[in-house]
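Q: My numbering runs 2 ahead of the 1-based position in the sequence shown.
The structure that follows is given in the form of structure tokens.
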Amino acid sequence: MSNKKLTILGIVAIVMVILAGVQMRLSDTHPSATLSGPTYLIQGLDTNKIASIVLGKGDEQIILTRSGNRFVVANKDDYPAKTTEINGVIAACLDIKTAEFITDNPANHADLGVTEAEADHIVKLFGSDGNPIIGLLMSPPDPDKNGSYVRLISSNDVYLTLGRSWPASFSDIDFIDTLLLNVNRDKIKSVTVTYPDESYNLSKSDTGVIELTNIPEGKKLREAVSDPVFNAVENLTFDDVTKDASDLKFESTYISRLDDSTVYTLSVAEKDGKTYVKCQAEFTDHTIVTKDEEVESEEELKKKEAILLARDSARSFNEKHTGWIYQIPGYKADNITKKSEDLLEDKVEENAGEQTEDSGRDD
């Protein structure tokens, strides 16, 4: 090969090196997302390595930590978090797509709403060693564009998102399943309410009418009041939860007995205008369920299955709720704390009007 050809090849090699360097510099300044269209902000995240999630900042900060195969809400005494809400947050992070590269100048971060002080949403994911895996800051929606500004905490690069979608969970309680009990009213057999100075029992007749035992002479049951009391465990939710009951006095109980032999007992405490309950379930049918050697009828098998399911349901209920104190909504609290006098009204004699008319004719 001649010296001339070697010289030409050398020049070509030098030019290729220079072009590669320029391309690398351009790639560092403007991420590939800006060259190839919308792309995901977060890629290659191993969700199994997430040990804790921190949302927001300051007093409104939500801390979710992994406990075994689930997450718990740290600010609520490690009460179990809803898996759907946890998945919703992680999915929202992974679904963020960048539509446009905006800037890598930190001086612009505050104006774009991607600092911790200005961001609308802050998400930080940590590993089991306490070190951050990834974090992001998202601005409020830009009124002039269909999206928000976002950046990874570890980077100065700011992007405009392609659209905006975020879970509507803004407080600790939003990450908790607040349904305490939801018993179909048709399955309730009787209700007993006890206080230190009295107790009363509501039962359901064969025709479905709610009845109060030992009604005083001249009184009758107020159906508009007794029915909500009887059905109080239907769609019973809670507003808050804690483990600390040191300053609460549980002086009354609300007991709901179901037709499948399940009994739910709510121990009730009232303080500062709020009502708190402790919950317990008991399955009172202690029949030993065995499989007979002879062929059993379908009806008999269903009866045995129903017993086993109800027994397991009571056990699971206690495993979930034992040790927890629930603050329930005011309207439900009003139903489970009624006294017997609240359920009664004066009975109007049916012939009272007739007697008055007869008196008028005599005159």
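Ideal placement from N, C-alpha and C gives every residue a C-beta, glycine not left out.
Fair warning: this is a prediction, and the values are worked out from it, not measured in the lab.
Hey, out of K322, Y328 and L250, whose CA is closest to T244's CA?
A: As a working note, residue 244 is residue 242 in the sequence shown. Out of K322, Y328 and L250, Y328 has the C-alpha closest to the C-alpha of T244.
Q: Going by Cα to Cα distance, which pick from S318, S150 and K340 is closest to T100?
A: In the sequence shown, residue 100 corresponds to position 98, counting from 1. When only C-alpha atoms are compared, the closest one is S150.
Q: Can you list, in chain order, the residues of its chain with a C-beta nearer than 6 Å to that of S54? Leave out the 5 residues immediately preceding and following it.
A: As a first step, residue 54 is located in the sequence shown; it is residue number 52 there, counting from the start. Cβ within range, chain order: T67 and F128.
Q: When the Cα atoms are used, what is the spatial distance from K305 to F319?
A: As a working note, residue 305 is residue 303 in the sequence shown. As a working note, residue 319 is residue 317 in the sequence shown. Answer to the nearest angstrom: the Cα atoms are 21 Å apart.
Q: Going residue by residue through the segment 89-130, where are the continuous alpha helix (DSSP H) segments of at least 4 residues, counting only ones entirely within it?
A: Counting whole runs of 4 or more residues, the segment 89-130 contains the alpha helix (DSSP H) stretches 111-114.
Q: Can you pull the DSSP bridge partners for V211?
A: Your numbering for residue 211 matches position 209 in the sequence shown. DSSP lists no partner for V211.
Q: Give the range of the beta strand (DSSP E) segment to which D242 is assigned.
A: Locating residue 242 in the sequence shown gives position 240, counting from the first residue. Element bounds for D242: D242 to T244.
Q: Note the first and the last residue of the continuous alpha helix (DSSP H) segment covering S315.
A: Along the sequence shown, read from residue 1 onward, the residue named residue 315 stands at position 313. Unbroken alpha helix (DSSP H) run through S315: E300 to H323.
Q: Beta-carbon separation of L238 and L183 under 8 Å?
A: Stepping through the sequence shown from its first residue, residue 238 is reached at position 236. Stepping through the sequence shown from its first residue, residue 183 is reached at position 181. In this structure, L183 lies closer than 8 Å to L238 by Cβ.
Q: If I follow the unbroken alpha helix (DSSP H) through N203, where does it start and stop?
A: Numbered from 1 along the sequence shown, position 201 holds the residue referred to as residue 203. Segment E200 to K206 is the beta strand (DSSP E) holding N203; no alpha helix (DSSP H) there.
Q: Should D159 go down as buried or exposed, given a rule of 16 or more other Cβ atoms within 10 Å for buried?
A: Position 157 of the sequence shown, counted from the first residue, corresponds to residue 159. It is buried - the Cβ of D159 has at least 16 other Cβ atoms within 10 Å.
Q: In three-state terms, what does DSSP make of S228?
A: Sequence index remark: in the sequence shown, residue 228 carries index 226 (1-based). Three-state result, S228: helix.
Q: Within the continuous beta strand (DSSP E) that includes A335, where are the two ends?
A: For the purposes of this step, residue 335 is taken as the residue at position 333 of the sequence shown. That residue, A335, is in no beta strand (DSSP E); its alpha helix (DSSP H) goes G332 to I338.
Q: My understanding is that K280 touches I178, with C-beta atoms under 8 Å, so please give their C-beta distance in whole angstroms.
A: Numbered from its first residue, the sequence shown carries residue 280 at position 278. Numbered from its first residue, the sequence shown carries residue 178 at position 176. By a beta-carbon distance limit of 8 Å, K280 does not contact I178. Their separation comes to about 17 Å.
Q: Round the Cβ separation of V231 and K340 to the nearest angstrom and send it over; I've been treating them as touching at under 8 Å.
A: Within the sequence shown, numbered from 1, the residue matching residue 231 stands at position 229. Within the sequence shown, numbered from 1, the residue matching residue 340 stands at position 338. The Cβ separation is near 5 Å, so the contact holds.
Q: What residue ranges within the segment 149-194 form continuous beta strand (DSSP E) runs of no fewer than 3 residues, ordered along the chain?
A: 151-154, 160-163 and 181-183
Q: Pull up the distance between the alpha-carbon of Y256 and that of V56, whole angstroms please.
A: As a position in the sequence shown, residue 256 is number 254, starting the count at 1. As a position in the sequence shown, residue 56 is number 54, starting the count at 1. Each residue's alpha carbon lies about 38 Å from the other.
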